[in-house]
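K.L.:
Just so we're aligned: the sequence shown equals residues -12 to 131 in this note's numbering. Note that beta-carbon positions come from the ideal geometry of N, C-alpha and C, so glycine has one too. Computed from a prediction, not measured in an experiment: that's the story for all the values here.
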Amino acid sequence: MPLLLRALKYARAGPYSAVGVLLGVLILLSGGTWRSWRGTLEFGGGGFGRLVSRMPQPLRFSAMTLGHVILGVDTAALADLRPHEHVHVRQYERWGPLFLPAYLLSSLVQLLRGRNPYRENHFERQAFALAPARRAMQRDPGRG
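1) Would you please state the rounded distance, in angstroms, between the beta carbons of F30 and L58? I believe it to be under 8 angstroms.
2) What's the call for R126, buried or exposed, on a 16-neighbour Cβ count within 10 Å?
3) Got a sec, what are the start and stop residues for the beta strand (DSSP E) L53 sits in?
4) Going by beta-carbon coordinates alone, are V8 and T27 separated by less than 9 angstroms?
5) To which residues of the same chain is Y90 closer than 6 angstroms at the C-beta, ignoring the five residues directly before and after it?
6) Should A(-6) be listed as close to the ligand SAM, given that the test is whether its C-beta is under 8 angstroms from any heavy atom?
7) Nearest by alpha-carbon distance to S23: which of P104, V39, A66 is it?
8) A0 to F115, Cα distance in whole Å?
9) In or out: A123 buried (at least 16 other Cβ within 10 Å) or exposed?
10) Compare the C-alpha of G36 against each of Y(-3), A63, P104 and name the closest.
11) Short of 8 angstroms in beta carbon distance, which residues of its chain neighbour N103, apart from the five on each side in sequence? Order them along the chain.
Structure representation (structure tokens):
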């Protein structure tokens, strides 16, 4: 990918990535770990993971993405959900600063329709649909 195009994608997702890095530092300070993986930073575990795991169901999550930063409850969740979360990274690159408002609006629309605001969210449906293909490509890089 041309360097300029890659830089533009990182810049579009940059504000959310900055928030993710700040949260990542808090995860590290709580005993968590980090690693770099294919253009993203992953933070997880520690007190953050324990806190999120105890949250009530509507707020609990195993991993979430902010720009090019993925936050997870532990390294196993990060590894398992990596293909799904990388779809969200591409969505941040495509939508830029509009991603989070569009994501929240999609959830609100589904909630008002009486549907599951997470599972029926347009962006989540796309991530669930594309993640199996990405997982297969990770196992066999020659595919796709």
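P.N.:
In short, the structure shows the following:
1) Indexing the sequence shown from 1 puts residue 30 at position 43. Indexing the sequence shown from 1 puts residue 58 at position 71. That belief holds up - the Cβ atoms of F30 and L58 are roughly 5 angstroms apart, short of 8 angstroms.
2) The residue labelled residue 126 in the question sits at position 139 within the sequence shown. At R126, the pLDDT of 44 sits below 50, so the modelled position is not reliable and the matter cannot be decided from this model.
3) By 1-based counting over the sequence shown, the position of residue 53 is 66. Here the beta strand (DSSP E) through L53 covers 50 to 53.
4) Numbered from 1 along the sequence shown, position 21 holds the residue referred to as residue 8. Numbered from 1 along the sequence shown, position 40 holds the residue referred to as residue 27. No; because the gap between Cβ atoms is not below 9 angstroms, this pair is not in contact.
5) Taking the first residue of the sequence shown as position 1, residue 90 is located at position 103. Excluding sequence neighbours, Y90 sits near F110.
6) Absent from the structure shown: the ligand SAM. Ligands present: none.
7) Locating residue 23 in the sequence shown gives position 36, where the first residue counts as 1. Residue A66 is the option with its Cα nearest to S23.
8) On the sequence shown, position 13 is the one that residue 0 refers to. On the sequence shown, position 128 is the one that residue 115 refers to. A0 and F115: Cα-Cα distance of roughly 21 angstroms.
9) As a working note, residue 123 is residue 136 in the sequence shown. For A123, the pLDDT reaches just 46, beneath the cut-off of 50, and the residue's location in the model is therefore unreliable, leaving the point undetermined.
10) Counting from one through the sequence shown, the residue named residue 36 turns up at place 49. Ranking the options by Cα distance to G36, first place goes to A63.
11) As a first step, residue 103 must be located in the sequence shown, where it is residue number 116. If we look at N103 and ignore the five residues flanking it on each side, its Cβ neighbours are Q97.
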